[in-house]
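>
Residue numbers (the numbering used here): 8 to 360.
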């Protein structure tokens, strides 16, 4: 009886008392992770294709297309320093100067590159509790370009659930867990319109992602699932609507017996603005879609009204994404931009335990 009563009193006491509690058989209480709080503001999620972001290591035996970037960043430290400065400055400017709480990235060469960016981000944060702690990444091997996806976050993760899906595809599954609520994130980068003119490769990406989602949804219809990425197709393309089962109809997503995904950027697809500008056209290639479980107030959920194309931090004088470029560009290093894509963000919330 004493032990039971003692256990009830150990939630806000010293480490010594906690040790005594363990010896009495209470076990360790579920304590919040350092620096993680649940607030009315929730957490900011960001996806950004950061355009050929390579690390400082040499002779990585990259493909012919990537070799120039591999060498450029590895053998010219000022170039890498400028790229890191531009990316980290932009990201930290978001979320009232705190940076996004979860950052999903595309076109990251390696885990080393992600580590360098996390270090650059943390160098801009004076509050230790806001610093980023976790990188979720698996480097695809043996195919195509070295432009993988990665997740950087200050929130707790379940690292051993990180995995790649598909055959020779850039589909990264990561898990962020707060207050014992699991958020499944798929960070993806579909084939380009240069190498995949007919779109068959992008259709395969959509089918693979939806197959994983459908299986998870069957096991848990309340699943909190978010897929993001550079799809290289707009929200109304059949790769997104037919094969990924994405729609801008929120009520349909909530009511449908077939598991659908709500596209947060479907209603912004007016061709007058976008995340990518090419050949005189705006496109929304960078998108975020969520499961029905993200539209309730249990576990994780998102606020669709906060979905935003961040086009005010990295634009050139014409309002287009200001790219960093390549070794052949004549632009002075200090005048180089950030990426040829704009970031996209949305605010997420999570319930208590």
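Note that the Cβ used here is the ideal one computed from N, Cα and C, for glycine as well. All of these numbers come straight from a predicted model, not from anything done at the bench.
Cα-Cα, which of 160, 117, 253 is closest to residue 265?
It is 253.
> Could you please give me the residues that DSSP links to residue 315 through a beta bridge?
The partner list for residue 315 (beta bridge, DSSP) reads 352.
> Under a three-way DSSP split, which group does residue 101 fall into?
Reduced to three states, the DSSP call for residue 101 is helix.
> Flag this pair as touching only if the region 124 to 136 and the region 76 to 85 have three or more C-beta atom pairs under 8 Å; answer yes or no.
Taking 8 Å as the limit for Cβ pairs, the verdict is that the region 76 to 85 does not touch the region 124 to 136.
> So residue 188 and residue 180 are supposed to be a Cβ contact under 8 Å. How far apart are they, rounded?
Their Cβ separation, rounded to whole angstroms, is 17 Å, which puts residue 188 and residue 180 out of contact at 8 Å.
> Between 75, 114, 197, 229, which has its C-alpha nearest residue 241's C-alpha?
Closest by alpha carbon: 197.
> Expressed to the nearest angstrom, what Euclidean distance is found between the alpha-carbon atoms of residue 34 and residue 139?
Any reading at residue 34 must be qualified, since the residue scores a pLDDT of 40, below 50, and its modelled position is unreliable; the value itself is stated next. Each residue's Cα considered, the two are about 29 Å apart.
> Is it buried or exposed for residue 347, if we count other Cβ within 10 angstroms and need 16 for buried?
So residue 347 counts as buried.
> What is the DSSP secondary structure of residue 119, reduced to helix, strand or coil?
Here residue 119 sits in helix by DSSP.
> How would you write the range of the beta strand (DSSP E) that residue 185 sits in, first residue to last?
Residue 185 -> beta strand (DSSP E) spans 178 to 185.
> Fully enclosed by the region 222 to 256, which beta strand (DSSP E) runs are 3 residues long or longer?
Counting only runs of 3 or more, we get 232 to 237.
> Out of 311, 97, 334, 123, state which residue places its alpha-carbon closest to the alpha-carbon of residue 233.
Nearest of 311, 97, 334, 123 to residue 233, Cα basis: 311.
> Kindly identify the DSSP beta-bridge partner or partners of residue 56.
In DSSP, residue 56 forms a bridge with 113.
> For residue 360, report the span of its alpha helix (DSSP H) as first-last.
No alpha helix (DSSP H) contains residue 360, which DSSP labels as neither H nor E.
> Taking C-beta to C-beta, are residue 76 and residue 61 nearer than 8 Å?
Their beta carbons are under 8 Å apart, which means residue 76 touches residue 61 by this criterion.
> How many Å lie between residue 5 and residue 303 at the Cα?
Residue 5 lies beyond the range of the chain shown here (8 to 360); nothing can be said about it.
> Quick check on the burial criterion: 16 or more other C-beta atoms within 10 angstroms. Buried or exposed for residue 236?
Classification of residue 236: buried, given that the 10 Å Cβ count is 16 or more.
> Following the continuous beta strand (DSSP E) through residue 189, name the residue where it begins and the one where it ends.
Element bounds for residue 189: 188 to 196.
> With 16 as the cutoff for other CB atoms within 10 Å, does residue 355 come out buried or exposed?
So residue 355 counts as buried.
> Can you name the residues that DSSP bridges to residue 290?
Its beta-bridge partners are 283.
> Just to check my reading of the structure: residue 142 and residue 159 have Cβ atoms closer than 8 Å, yes? What is that Cβ distance to the nearest angstrom?
With 8 Å as the limit, residue 142 and residue 159 qualify as a contact, their Cβ atoms being about 6 Å apart.
> Tell me which residues share the same chain as residue 309 and place their Cβ nearer than 6 Å to its Cβ, disregarding the 5 neighbours each side in the sequence.
Contacts found: 297, 301, 353, 355.
> Considering only the beta carbon of each residue, do residue 344 and residue 324 sit closer than 8 Å?
No; because the gap between Cβ atoms is not below 8 Å, this pair is not in contact.
> Indicate the three-state DSSP secondary structure (helix, strand or coil) for residue 159 in the structure shown.
Note: residue 159 maps to strand in three-state DSSP.
> Please report the Cβ distance between residue 314 and residue 295, rounded to the nearest whole angstrom; I am assuming they are in contact, meaning their Cβ atoms lie under 8 Å.
With 8 Å as the limit, residue 314 and residue 295 qualify as a contact, their Cβ atoms being about 7 Å apart.
> So, are the CB atoms of residue 7 and residue 250 less than 8 Å apart?
The structure shown does not extend to residue 7, since the chain is modelled only from 8 through 360, so no value can be given for it.
> What is the rounded straight-line gap between the Cα of residue 263 and the Cα of residue 48?
Rounded to whole angstroms, residue 263 to residue 48 spans 30 Å at the Cα level.
> Can you tell me whether residue 36 is helix, strand or coil according to DSSP?
Residue confidence is low: residue 36 scores 37 on pLDDT, short of 50, so the model does not pin down where it sits. Its coordinate-derived value is still stated next. Residue 36 falls in the coil class under three-state DSSP.
> Between residue 145 and the rest of its own chain, which residues show a CB-CB distance below 7 Å, the 5 nearest in sequence each way excluded?
Only 169, 170, 171, 179 meet the Cβ criterion.
> Just to confirm my understanding: we take residue 362, look at its own chain, exclude 5 residues before and 5 after, and list those with CB closer than 6 Å. What are they?
What the structure shows of the chain is the stretch from 8 to 360, and residue 362 is not part of that stretch, so it cannot be assessed.
> By how many angstroms is the C-alpha of residue 307 removed from the C-alpha of residue 257?
Taking the straight line joining both Cα atoms gives about 17 Å.
> With distance defined between alpha-carbon atoms, name the residue in 154, 155, 105 nearest to residue 161.
It is 105 whose Cα lies nearest to the Cα of residue 161.
> DSSP three-state call for residue 154: helix, strand or coil?
Residue 154: coil per DSSP, three-state reduction.
> In terms of residues, what are the limits of the beta strand (DSSP E) holding residue 269?
Unbroken beta strand (DSSP E) run through residue 269: 268 to 270.
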